[in-house]
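J.: Adding 139 to a residue's 1-based position in the sequence shown gives its number in our numbering.
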Amino acid sequence: MTLTRFRSQASDSTDASIRPDAPSVHVVTFGCQMNKYDSLLAEGRFREHGYRVAESMATANVVLFNTCSVRDHAEERAFSWVGELKHIKQERPELVIGVMGCMAQRLEEDIFGRAGHIDLVAGTRSFDRLPEMVAEVRARRANPEEFRPKEMRLLDTGTERRIAVEREGEVYTGGLHGWLAVMRGCDLNCTYCIVPTTRGRVQSRPIEELVREARWMVAGGARAITLLGQTVNSYGEDLPKPGAGDAKHRGRQGRPSLADLIDALVEIDGLERIRMVTLHPSYVTEALGESIAKSPKVERFLPLPLQAGSDPVLRAMKRGYTTDLYRKRIEILRSVVPDIELASDWIVGFPGETEEDFVQSEALLDEFGFAVNYIFKYDPRPGTRSAEGEDIVPTAVKKERNQRLLAAAERSGRIRHAAHVGTTRQVFVESASEKHPGDLRGKTEHGLPVSFAGEPELIGTVVPVEIREASAFGLGGRVAKPAAS
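1) G561 to R520, Cα distance in whole Å?
2) Would the region 288–300 and the region 202–217 be scored as touching if the rule is three or more Cβ pairs under 8 Å?
3) Which of helix, strand or coil does DSSP assign to H559?
4) Would you give the residue range spanned by the beta strand (DSSP E) that H226 belongs to?
5) Please report how far the alpha carbon of T337 lies from the alpha carbon of N205, in whole angstroms.
6) Under a Cβ-count criterion, where at least 16 other Cβ atoms within 10 Å of its own Cβ denotes burial, should K538 be classed as buried or exposed?
7) Tell me whether R264 sits in a helix, a strand or coil according to DSSP, three-state version.
8) Tell me the residue span of the beta strand (DSSP E) that contains E605.
9) Report the three-state DSSP secondary structure of Q244 (helix, strand or coil).
10) Please report the straight-line C-alpha distance between G384 and K436, rounded to a whole angstrom.
11) So what does DSSP say about K537, is it helix, strand or coil?
12) Within the region 444–517, note down every full alpha helix (DSSP H) run reaching 4 residues or more, in order along the chain.
13) Distance check for R245 and I606, CA to CA, integer angstroms please.
14) Measure the alpha-carbon distance for R129 versus V273 and round it to whole angstroms.
15) What three-state label does DSSP hand N282 in the structure shown?
16) With DSSP as the reference, label A571 as helix, strand or coil.
17) With a Cβ-Cβ cutoff of 7 Å, do E529 and V475 count as a contact?
18) Strictly by DSSP, which residues pair up with T206?
19) Just mark K225 as buried or exposed, buried being the case when its beta carbon has 16 or more other beta carbons within 10 Å.
20) My parser needs the alpha helix (DSSP H) runs of 4 or more residues fully inside the region 326–391; what are they?
21) With burial defined as no fewer than 16 other Cβ atoms inside 10 Å of the residue's Cβ, what is the status of A243: buried or exposed?
22) May I ask you to report which of helix, strand or coil DSSP gives P588?
23) Kindly indicate which three-state DSSP category S163 falls into: helix, strand or coil?
24) Which residues in the same chain as I598 place their Cβ atom closer than 6 Å to its Cβ, once the five residues preceding and following it in sequence are excluded?
25) Would P595 be called buried (16 or more neighbouring beta carbons within 10 Å of its own) or exposed?
26) Assign G428 to one of three DSSP states: helix, strand, or coil.
27) May I ask you to report which of helix, strand or coil DSSP gives V437?
28) Between the Cα of R306 and the Cα atoms of D578, R466, L319 and L315, which residue gives the shortest distance?
29) Just verifying my parser: in three-state terms, what is the DSSP assignment at R146?
30) What does DSSP give as the partner residue(s) for V192 in the beta ladder?
31) Between the alpha carbons of I479 and V341, how many angstroms are there, rounded?
32) Give the secondary structure of P576 by DSSP, where H, G and I count as helix, E and B as strand, and everything else as coil.
33) In or out: Q369 buried (at least 16 other Cβ within 10 Å) or exposed?
34) Do you know how far the Cα of S373 is from the Cα of V601?
35) Could you check if D258 is buried or exposed, using at least 16 other CB atoms within 10 Å of its CB as the buried criterion?
36) R351: which of A557, V321, C332 and G339 sits nearest, CA to CA?
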């Protein structure tokens with residue numbers, strides 16, 4: 140998942156139903172789309188407890204940092220933001236500051252040692268009880284004689300509990316594009332990845348619960364929904380098989396699968412697009428391809444990370460597949476959905492990667508024809524097996540390989556995008572262009588970004604667009620004229 144920092148779209152400053160003197164919370168979100176989803180869930184829980192969402196840290200009574208641990212840089216950025224509140228806490232000692240998410244899960248008590256002004260640390264399966272944790276911090280502060288200084292802080296990083304998600308009655312604030320966590324955790328053991336440690340083992344959510352939440356999103360204004368999971372196409376693998384008398388969601392394989400979930404979601408009126416992040420090659424099935432192929436609501440675009448083009452490197456990464464198996468999974472998808480577009484993640488400079496290994500990555504990027512590629516230099520994460528290795532690729536070599544693979548990615552993207560020139564695509568319009576007034580931005584049914592001139596009223600709708608130009612990174616076009624009668 141792409142590393143970024145989100146600012147919440149939610150603010151209750153103009154909502155007349157919210158008391159102006161209500162306590163307020165502000166959430167700063169780092170990391171992946173799952174974190175954005177979790178932050179919105181946390182805000183919803185605070186609203187249920189009478190809070191309003193503040194526009195900035197400066198005006199909030201509670202400030203929370205939803206953090207990422209996928210790279211060291213992500214953690215350092217979070218600590219930098221946390222540090223900025225130290226002097227504010229001295230001026231406003233009643234302020235409650237918390238760290239939640241993956242960094243909280245990984246570092247636990249160490250966060251208090253590095254930032255003594257933090258009041259609470261909540262792991263990846265504790266954020267739904269944050270209002271109660273804040274209340275407990277305040278209750279302890281009110282009775283200092285009963286608690287030692289260290290007991291004024293709260294820590295909750297258990298990963299076994301199931302997060303309670305019930306959105307009905309809550310105000311949807313996610314905007315036109317909603318995020319829906321269909322599962323949590325990961326049961327794989329990639330040697331470079333901290334996620335199984337920070338997110339816990341897999342817990343898939345029942346289809347009925349997910350459809351209910353998706354309907355709530357659409358009723359609140361969402362028109363596109365992205366299904367989230369660390370390996371989203373393994374959805375349902377941990378669910379029990381329905382009993383003999385419960386055939387509603389038995390699923391093609393005996394238990395519910397991602398294909399079954401998609402089939403249920405496409406029935407929601409008002410939902411225009413369904414997207415998925417991120418898939419794993421081992422769980423690609425023909426049934427998934429069939430669900431994508433039969434509904435225009437499902438984007439024909441799948442992020443299917445290969446990570447490396449060398450079998451020895453994939454084995455060292457413990458990815459669970461070979462390049463040949465990956466090739467067969469692509470063949471399954473393209474046989475059922477011939478026009479599908481694919482994206483891949485890549486790691487360059489993995490411990491032990493030779494020049495020959497890297498050349499194979501360049502070759503497979505060209506062979507498989509990915510429309511989008513996300514390329515990262517290997518970053519060792521404490522607690523992962525690969526960080527213990529000694530066969531380290533020099534930094535200069537990592538940078539050089541990174542540039543070479545970026546060049547290959549640009550070449551592949553240009554070829555895939557150019558193939559759409561001269562066609563008319565159904566574009567879900569997402570926003571006005573920030574750089575080019577008068578232009579709109581959206582995505583084709585193949586998940587490719589496209590810009591074109593249009594009126595703001597088109598945002599949130601699907602319009603036919605003639606694709607007239609392409610670059611390595613997107614498409615350009617114009618709204619198609621109605622066919623002459």
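We put the CB at the ideal spot given by N, CA and C, even for glycine.
T.: Concretely, from the data shown:
1) Sequence index remark: in the sequence shown, residue 561 carries index 422 (1-based). Sequence index remark: in the sequence shown, residue 520 carries index 381 (1-based). Straight-line Cα distance between these residues: approximately 46 Å.
2) no
3) Your numbering for residue 559 matches position 420 in the sequence shown. Coil, per DSSP.
4) For this step, residue 226 is matched to residue 87 along the sequence shown. Unbroken run through H226 is the alpha helix (DSSP H), K225 to E230; no beta strand (DSSP E).
5) Along the sequence shown, read from residue 1 onward, the residue named residue 337 stands at position 198. Along the sequence shown, read from residue 1 onward, the residue named residue 205 stands at position 66. Rounded to the nearest angstrom, the two C-alpha atoms are 13 Å apart.
6) For the purposes of this step, residue 538 is taken as residue 399 along the sequence shown, with counting starting at 1. So K538 ends up on the exposed side.
7) For the purposes of this step, residue 264 is identified with residue 125 of the sequence shown, where counting begins at 1. Correct three-state label for R264: coil.
8) Here residue 605 is taken as the residue at index 466 of the sequence shown, counted from 1. Where E605 is concerned, the enclosing beta strand (DSSP E) stretches over V601 to A609.
9) In the sequence shown, the residue the question calls residue 244 occupies position 105. DSSP, read as helix, strand or coil, puts Q244 in helix.
10) Here residue 384 refers to the residue found at position 245 when the sequence shown is read from its first residue. Here residue 436 refers to the residue found at position 297 when the sequence shown is read from its first residue. Only weak support is given to the placement of G384: the predicted model assigns it a pLDDT of 43, under 50, and the value that follows is read from those uncertain coordinates. In a straight line, the C-alpha of G384 is about 31 Å away from that of K436.
11) Locating residue 537 in the sequence shown gives position 398, counting from the first residue. Three-state result, K537: helix.
12) 450–456, 462–475 and 494–507
13) Within the sequence shown, numbered from 1, the residue matching residue 606 stands at position 467. Within the sequence shown, numbered from 1, the residue matching residue 245 stands at position 106. Annotation: I606 to R245 spans about 46 Å, alpha carbon to alpha carbon.
14) It is not possible to answer for residue 129, since the shown part of the chain is limited to 140 through 624.
15) Your numbering for residue 282 matches position 143 in the sequence shown. Coil at N282, not helix or strand.
16) In the sequence shown, residue 571 corresponds to position 432, counting from 1. A571 falls in the strand class under three-state DSSP.
17) In the sequence shown, the residue the question calls residue 529 occupies position 390. In the sequence shown, the residue the question calls residue 475 occupies position 336. Contact flag unset, no.
18) The sequence position of residue 206 within the sequence shown is 67, counting from 1. In the DSSP secondary-structure assignment, T206 is bridged to G240.
19) On the sequence shown, position 86 is the one that residue 225 refers to. By the 10 Å Cβ count, K225 comes out exposed.
20) Listed in chain order, the alpha helix (DSSP H) elements of length 4 or more contained wholly in the region 326–391 are 334–338 and 346–358.
21) Numbered from its first residue, the sequence shown carries residue 243 at position 104. Per the 10 Å Cβ criterion, buried.
22) Position 449 of the sequence shown, counted from the start, is the residue given in the question as residue 588. DSSP, read as helix, strand or coil, puts P588 in strand.
23) Working through the sequence shown from its first residue, we reach residue 163 at position 24. DSSP places S163 in strand when its eight states are reduced to three.
24) Along the sequence shown, read from residue 1 onward, the residue named residue 598 stands at position 459. Sequence-distant partners of I598 (beyond 5 residues in either direction) whose C-beta falls short of 6 Å from its own C-beta, in its chain, are V568.
25) The residue labelled residue 595 in the question sits at position 456 within the sequence shown. Exposed, since its Cβ has fewer than 16 Cβ neighbours within 10 Å.
26) If you number the sequence shown from 1, residue 428 lands on position 289. In this structure, G428 counts as helix in the three-state DSSP scheme.
27) On the sequence shown, position 298 is the one that residue 437 refers to. Correct three-state label for V437: strand.
28) Sequence index remark: in the sequence shown, residue 306 carries index 167 (1-based). The shortest Cα separation from R306 among D578, R466, L319 and L315 belongs to L319.
29) Here residue 146 is taken as the residue at index 7 of the sequence shown, counted from 1. Caution applies to R146, whose pLDDT of 48 falls short of 50 and renders its modelled position unreliable; the value that the coordinates give is listed next. Strand at R146.
30) Residue numbering aside, residue 192 sits at position 53 when the sequence shown is read from its first letter. Beta-bridge pairing links V192 to V164.
31) In the sequence shown, the residue the question calls residue 479 occupies position 340. In the sequence shown, the residue the question calls residue 341 occupies position 202. Cα to Cα, the separation comes out at about 28 Å.
32) Stepping through the sequence shown from its first residue, residue 576 is reached at position 437. The answer is coil: DSSP assigns P576 none of H, G, I, E or B.
33) By one-based count along the sequence shown, residue 369 stands at place 230. Q369 comes out buried.
34) Along the sequence shown, one-based indexing puts residue 601 at 462. Along the sequence shown, one-based indexing puts residue 373 at 234. Distance between the alpha carbons of V601 and S373 is about 30 Å.
35) Position 119 of the sequence shown, counting from 1, holds the residue named residue 258. By the 10 Å Cβ count, D258 comes out buried.
36) Position 212 of the sequence shown, counting from 1, holds the residue named residue 351. Closest option to R351, Cα to Cα, is V321.
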